[in-house]
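What follows is a short report on a single structure.
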Amino acid sequence: MSSHGYPRSLRLLTAGDYRHVFDTAVYKVHGKRLMALATPNSLGHPRLGLIFSKKNVRRAVDRNRLKRLVRESVRLQQHRLPSVDIVVLARRGLHELDNEAVHRQLHGMWRRLDREAHRQPAGRSDVVDPPAQASSGQR
RNA sequence: GGAGUUGGCCAGACAGUCGCCGCUGCCCCGGUCGGUGGAUCGGGGCGGGGGAGGAAAGUCCGGGCUCCAUAGGGCAGAGUGCCAGGUAACGCCUGGGCGGCGCGAGCCGACGGAAAGUGCAGCAGAGAGCAGACCGCCUACGUCUCCCGCGGGAGGCCGGUAAGGGUGAAAGGGUGCGGUAAGAGCGCACCGCGCGCCUGGUAACAGUGCGUGGCACGGUAAACCCCACUCGGAGCAAGACCAAAUAGGAACCCCAUGGCGUGGCCCGCGUCGGGUUCGGGUAGGUUGCUCGAGGAUGACGGUGACGUCGUCCCUAGAGGAAUGGCUGUCCUCGACAGAACCCGGCUUAUCGGCCGACUCCCCCU
1 MSSHGYPRSL RLLTAGDYRH VFDTAVYKVH GKRLMALATP NSLGHPRLGL
51 IFSKKNVRRA VDRNRLKRLV RESVRLQQHR LPSVDIVVLA RRGLHELDNE
101 AVHRQLHGMW RRLDREAHRQ PAGRSDVVDP PAQASSGQR
């Protein structure tokens with residue numbers, strides 16, 4: 001369990017998972033040309049979803065590169081992150097940043113997210129719903 | 001050696017480390033079946049091996065595949081457009097013809113029809129379509145006036161003339177001689193052109209070939225149009241299968257002194273018909289999904305595109321979407337750019353490097 005792998009369980013998989021994060025969105029963290037929405041889950045580890053639209057990042061090569069960077073960052077720092085579902089959104093102009101800059105942005109965002117999660121420990125009803133059931137309730 | 005044309009190939013390399021997605025070997029755990037050793041499904045660990053492109057792009061053509069439609073034919077619409085071949089097919093490729101560019105190797109061309117019809121052509125210009133007299137040239141014919149040595153001369157009228165100037169993208173063959181008042185295919189020679197024949201060629205087409213016609217039938221068909229040929233529609237979010245929860249439906253059975261839930265049971269409380277089966281079907285999952293008009297190589301046929309046969313090889317298959325992050329070393333300091341059902345093309349983007357043919361120029365022998 002001390003590994004730094006990136007198995008399927010660390011990802012948001014279904015449209016329902018994404019919907020849940022957007023609907024609740026307890027935490028909101030901004031970086032340079034990046035934004036992350038997050039909401040607590042009861043799984044004991046974070047999960048990541050990515051939304052990099054063609055409108056904001058024009059070329060497929062850049063989209064692939066940037067998504068890899070975000071995943072890599074989450075993979076390496078998964079044990080320092082709180083138990084939340086995160087959706088990272090790209091803003092326009094993100095492709096102009098190089099790998100090092102993106103890594104720095106993400107590092108800072110995770111720290112802020114962690115701090116926020118500790119400041120307002122969401123012990124309310126949000127945590128109780130597992131996202132799988134939340135997705136079914138949205139019809 | 002320099003300049004250039006053309007065909008093909010490569011797409012930073014290596015090492016360490018941490019990951020991702022298929023495949024595969026062994027081991028472990030769990031479910032089901034079977035039953036000690038097996039089968040199957042799911043998960044995990046440790047090994048092995050594979051993992052973007054020449055354009056993966058634009059989605060501009062052509063197919064395969066899938067579903068829908070379809071007796072046959074026509075119209076409309078769209079597309080293609082020198083000829084022959086190649087191909088599953090094409091708007092692609094090969095060879096040939098014609099025209100243009102280049103000293104050349106080569107390159108470029110929507111390259112059918114304007115003697116079916118309709119239409120269009122700014123400005124300039126006298127005139128632009130069965131043409132036209134602005135300048136110029138001529139005044140022979142007919143006629144009038146004048147002069148004079150009846151011949152002749154000057155001028156006018158009626159005119160003649162497309163050789164020259166000028167306009168234009170384009171002015172109704174060219175050169176020369178004859179001819180004439182001046183001219184003119186008016187006549188002739190040569191060149192060119194049209195038509196018919198002949199010859200060569202599968203054909204497009206070509207020919208110091210033969211005959212014939214004085215000779216435009218102007219341009220535009222990426223204007224309508226005519227002619228010939230081709231084309232049913234939609235797309236992998238195609239399509240197929242499995243299928244929770246909730247609501248609703250159908251059939252059958254049971255019972256309303258009841259059934260169901262709660263509970264070990266009774267009372268109680270809550271609730272109302274209950275149970276079984278079936279089909280449709282949402283979320284979700286599986287499949288379609290990579291062995292194919294496939295590559296490599298050899299032989300044979302063909303000018304070639306390509307075809308036939310033999311041998312060998314298996315080379316991404318994701319799906320919120322893998323093919324990467326970090327570190328180090330080196331060099332020539334790395335462009336354009338990321339598969340999404342699969343092929344054949346075209347077009348566009350692109351740092352550079354390598355190899356093979358060929359052309360021109362210069363130098364040496």
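Terminal number for the first sequence in full-length UniProt numbering: 139, no gaps in between.
Backbone N, C-alpha and C define an ideal beta-carbon position, used for all residues, glycine too.
Nothing here was measured: the structure is a model prediction, and the numbers come from that model.
Look up residue i in the DSSP assignment and give the residues it is bridged to.
i	result
R11	L48
V87	L37, G49
For residue i, name the three-state secondary structure that DSSP assigns.
i	result
R92	coil
L81	coil
Y27	strand
L34	strand
L43	coil
G5	coil
K67	helix
R19	helix
R59	coil
At which residues does the alpha helix (DSSP H) containing residue i begin and terminate?
i	result
G108	99-119
Please classify residue i: is it buried, with 16 or more other beta-carbons within 10 angstroms of its beta-carbon, or exposed?
i	result
R119	exposed
N41	buried
P7	exposed
The region 84-103 in contact with the region 54-65 per 3-pair CB rule at 8 angstroms: yes
Segment contact flag, the region 97-110 with the region 19-37, C-beta cutoff 8 angstroms, min 3 pairs: yes
Contact the region 6-21 vs the region 59-69: 3+ CB pairs below 8 angstroms: no
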